[in-house]
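Q: In UniProt numbering, the protein residues as written are 1 to 466. Glycine residues also receive a C-beta, built at the ideal position from the N, C-alpha and C atoms. A quick note: this is a predicted structure, and the numbers were derived from the prediction, not measured. The following block contains the structure, expressed as structure tokens.
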Amino acid sequence: MSPDGSPTDRLPTDRLDGFRELLERSDAALVLTAMAAFYLLFLSIGAILNYDLAGLISILGQVTFFTAVYALVVLALNLQWGYAGLFNIGIAGFMAVGVYTMAMLTAPPTGSPPGLGLPISVGIVGGMVAAALIGLVTALPALRLRADYLAIVTVAISEIIRLTYNSPAFSTFTLPGGIALGTGGANGIGNFPSNPVRAIYFTDPSSAASGTTPIGTAVFGFFENVLGVFRSAVIVDLTYGLVLAVVVVLVYTLLARVGNSPFGRVLKAIREDEVVAKSLGKDTNRFKIKTFMLGCALMGLAGVLWQGFGTGAVYPQAFRPELTFYIFIAVIIGGAGSNTGSVLGGAVFANLLFLLPQYLPNIIEQTFAIEADPNNFIAAIGPIAAGEIAPLLGYVLNQRLPALRFVFVGVLLVYLMQNRPEGLLGHRTETAAAVDLSEGHTPGTGPSQAADASGAAGGEGGVDDE
Numbered sequence: 001m002s003p004d005g006s007p008t009d010r011l012p013t014d015r016l017d018g019f020r021e022l023l024e025r026s027d028a029a030l031v032l033t034a035m036a037a038f039y040l041l042f043l044s045i046g047a048i049l050n051y052d053l054a055g056l057i058s059i060l061g062q063v064t065f066f067t068a069v070y071a072l073v074v075l076a077l078n079l080q081w082g083y084a085g086l087f088n089i090g091i092a093g094f095m096a097v098g099v100y101t102m103a104m105l106t107a108p109p110t111g112s113p114p115g116l117g118l119p120i121s122v123g124i125v126g127g128m129v130a131a132a133l134i135g136l137v138t139a140l141p142a143l144r145l146r147a148d149y150l151a152i153v154t155v156a157i158s159e160i161i162r163l164t165y166n167s168p169a170f171s172t173f174t175l176p177g178g179i180a181l182g183t184g185g186a187n188g189i190g191n192f193p194s195n196p197v198r199a200i201y202f203t204d205p206s207s208a209a210s211g212t213t214p215i216g217t218a219v220f221g222f223f224e225n226v227l228g229v230f231r232s233a234v235i236v237d238l239t240y241g242l243v244l245a246v247v248v249v250l251v252y253t254l255l256a257r258v259g260n261s262p263f264g265r266v267l268k269a270i271r272e273d274e275v276v277a278k279s280l281g282k283d284t285n286r287f288k289i290k291t292f293m294l295g296c297a298l299m300g301l302a303g304v305l306w307q308g309f310g311t312g313a314v315y316p317q318a319f320r321p322e323l324t325f326y327i328f329i330a331v332i333i334g335g336a337g338s339n340t341g342s343v344l345g346g347a348v349f350a351n352l353l354f355l356l357p358q359y360l361p362n363i364i365e366q367t368f369a370i371e372a373d374p375n376n377f378i379a380a381i382g383p384i385a386a387g388e389i390a391p392l393l394g395y396v397l398n399q400r401l402p403a404l405r406f407v408f409v410g411v412l413l414v415y416l417m418q419n420r421p422e423g424l425l426g427h428r429t430e431t432a433a434a435v436d437l438s439e440g441h442t443p444g445t446g447p448s449q450a451a452d453a454s455g456a457a458g459g460e461g462g463v464d465d466e
């Protein structure tokens with residue numbers, strides 16, 4: 001038909017509009033679309049760098065892993081800051097408590113440093129409980145503090161924790177009763193338990209040379225015979241990333257239920273105006289303590305899953321303040337107060353600001369013929385006036401692009417604060433009422449009753465029961 005509005009010509013536009021509407025109405029579709037875009041981006045990078053199939057699968061595993069761990073920590077922070085307005089910038093410290101406690105509980109008594117040799121499940125729960133208890137100790141004296149002062153207390157606690165784990169005095173120590181434990185000092189704890197996912201594939205998770213389980217035999221056989229992938233570590237890492245994605249879904253569901261519960265509505269009231277919440281008879285201190293402890297427990301879990309099982313060892317230097325800074329940037333990107341925004345913010349930061357700079361130097365080297373390698377910034381930008389960008393690219397590569405991540409993050413932060421301070425999804429208006437108060441809905445009635453009432457009143461419109 002003619003181009004003046006025929007159904008055939010409108011079809012692509014209609015499909016695009018329908019897709020946009022789907023993204024606006026479905027958080028799951030929004031997150032899955034974003035992840036598909038990131039997977040496509042990094043697969044393209046792998047193709048540019050001539051990776052084989054095993055390398056491409058490894059990239060997918062990295063994307064899944066870092067997206068999941070960042071999303072998990074950002075969700076925990078969003079509970080504290082986005083819901084209750086608690087300005088916690090000691091995230092790295094609480095993560096350290098979780099992973100170090102887990103390591104000391106599960107390390108063998110004869111190891112270096114020694115531990116208690118308890119099962120992994122006990123260690124994970126113990127790490128979460130320890131992080132929650134440290135959160136309680138932090139919250140009690142800080143309840144009367146607000147904003148900047150609370151931030152100072154939490155960052156101080158975080159640094160005290162890190163320096164304690166780094167101290168030689170706690171490298172190995174003995175508890176009453178002759179129980180020997182240790183943090184390893186600056187050397188950390190290297191005898192971390194094997195990733196539990198390995199138990200799916202190997203009869204002895206601590207050794208890849210051991211026999212494989214029936215599942216391991218089937219999966220490894222498929223990848224080797226059908227896809228030509230012979231590296232079991234790649235398959236294990238990809239599986240672990242998928243397990244972490246399931247954990248993120250479970251935590252997201254938990255926090256969504258918390259946010260929609262009476263408890264969550266009190267948290268939002270505290271965030272908006274604590275005096276009003278107190279005037280309504282709410283014990284705001286008790287609510288803030290519970291929220292802070294729950295958030296710290298989730299941060300401890302994230303520390304175990306990220307810095308523990310994800311790396312196989314734990315060191316104090318992994319919990320420097322910049323880790324907290326990264327998590328806050330991810331929250332700001334996604335939008336404080338939105339769980340879906342937290343997941344998206346974590347995904348955007350993990351992929352575009354954390355992983356991508358690690359691959360860019362190789363891409364630049366393959367794309368541009370870089371011969372100049374100046375050692376200072378002035379010599380790098382001078383030739384730009386003559387249209388030569390190779391010296392600048394050489395300088396960037398010489399300084400190692402990942403090391404310049406702080407510059408990129410700082411520029412992004414300034415841009416967000418000026419142009420989109422609410423983040424990607426922070427503009428959403430959250431319902432604080434226990435019932436649906438949307439137009440056309442009668443409180444205390446079901447959807448069908450509300451529709452009947454609306455029809456009886458004049459037959460206009462329907463009922464929005466979302």
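Please state whether the Cβ-Cβ distance between residue 53 and residue 227 is less than 9 Å.
A: yes
Q: CA-CA distance, residue 392 and residue 149?
A: 42 Å
Q: Tell me the DSSP secondary structure of residue 138 in three-state form.
A: helix
Q: Quick check on residue 205: buried or exposed, where buried means 16 or more other Cβ atoms within 10 Å of its Cβ?
A: buried
Q: Taking the beta carbon of residue 237 as the centre, do at least 16 other beta carbons fall within 10 Å, making it buried, or is it exposed?
A: Counting every other CB atom within 10 Å of its CB across the protein chains shown gives residue 237 a total of 16 or more, marking it as buried.
Q: Count the C-beta pairs between the stretch 109 to 122 and the stretch 382 to 391 that are closer than 8 Å, then say yes if the count reaches three, no if not.
A: Here the stretch 109 to 122 does not lie against the stretch 382 to 391, with fewer than 3 beta-carbon pairs under 8 Å apart.
Q: Between the alpha carbons of residue 322 and residue 254, how many angstroms are there, rounded?
A: 28 Å
Q: Among 310, 180, 163 and 270, whose alpha-carbon lies nearest the alpha-carbon of residue 61?
A: 310
Q: Beta-carbon separation of residue 68 and residue 266 under 9 Å?
A: Taking 9 Å as the Cβ cut-off, residue 68 and residue 266 do not qualify as a contacting pair.
Q: Straight-line CA distance for residue 16 to residue 33?
A: 14 Å
Q: Rounded to whole angstroms, what is the Cα-Cα separation between residue 58 and residue 353?
A: 19 Å
Q: Going by other Cβ atoms of all chains shown within 10 Å of its Cβ, with 16 needed for buried, is residue 394 buried or exposed?
A: Answer is buried; the Cβ neighbour count reaches 16.
Q: Using 8 Å for Cβ pairs, my map puts residue 164 next to residue 173. What's the rounded Cβ distance?
A: Rounded, the Cβ-Cβ distance is 11 Å, inconsistent with contact.
Q: Let's test the definition: count the other Cβ atoms within 10 Å of the Cβ of residue 14 and tell me whether it reaches 16, buried, or not, exposed.
A: Under this definition residue 14 is an exposed residue.
Q: Report the start-end ranges of each alpha helix (DSSP H) in the stretch 296 to 378 that is 4 residues or longer and not cut off at the edges.
A: 321 to 334, 339 to 348 and 356 to 367
Q: Any idea what DSSP makes of residue 390, helix, strand or coil?
A: helix
Q: Count Cβ pairs between the stretch 409 to 429 and the stretch 333 to 350 that sit closer than 8 Å; are there 3 or more?
A: yes
Q: Would you list the residues sitting across from residue 212 in a DSSP beta bridge?
A: 202
Q: Under a three-way DSSP split, which group does residue 179 fall into?
A: DSSP places residue 179 in strand when its eight states are reduced to three.
Q: Tell me which residues share the same chain as residue 445 and place their Cβ nearer than 6 Å to its Cβ, disregarding the 5 neighbours each side in the sequence.
A: For residue 445, the predicted structure reports a pLDDT of 47, less than 50, and the residue's modelled location is therefore unreliable. A value from the coordinates is still provided. Nothing meets the Cβ criterion.
Q: Report the residue from 177, 65, 241 and 331 whose alpha carbon sits nearest the alpha carbon of residue 413.
A: 331
Q: Which value, in whole angstroms, describes the spacing of the CA atoms of residue 177 and residue 103?
A: 20 Å
Q: Roughly how many angstroms lie between the CA atoms of residue 328 and residue 405, to the nearest whole one?
A: 15 Å
Q: Run through DSSP, which three-state label would residue 174 get?
A: Of the three classes helix, strand and coil, the one that applies to residue 174 here is strand, per DSSP.
Q: Would residue 100 be called buried (16 or more neighbouring beta carbons within 10 Å of its own) or exposed?
A: buried
Q: Is the CB-CB distance between residue 292 and residue 303 below 9 Å?
A: no
Q: Rounded C-beta distance between residue 363 and residue 48? I'm assuming under 8 Å.
A: 6 Å
Q: In the DSSP assignment, what residue or residues form a beta bridge with residue 189?
A: DSSP output for residue 189 lists 314 as bridge partner(s).
Q: Where does residue 157 fall in DSSP's three states?
A: helix
Q: State yes or no: is the C-beta of residue 168 within less than 9 Å of the C-beta of residue 190?
A: no
Q: Assuming residue 105 contacts residue 126 (C-beta within less than 8 Å), just tell me the rounded distance between them.
A: 5 Å
Q: With a CB to CB cut of under 6 Å and the five nearest residues on each side skipped, what residues in its chain are close to residue 88?
A: Scanning its chain for C-beta atoms nearer than 6 Å, with the 5 sequence neighbours on each side dropped, one finds around residue 88 the residues 80 and 154, in chain order.
Q: Nearest CA to the CA of residue 91: which residue from 285, 325 and 343?
A: 325
Q: In chain order, what residues of the same chain lie with their CB nearer than 6 Å to the CB of residue 307, ignoring the 5 residues before and after it?
A: The answer, listed in chain order, is 99, 314 and 318.
Q: Under the assumption that residue 300 contacts residue 131 (Cβ atoms under 8 Å), give the Cβ distance between them as a whole number of angstroms.
A: 3 Å
Q: Could you compute how far the alpha carbon of residue 245 sits from the alpha carbon of residue 264?
A: 24 Å
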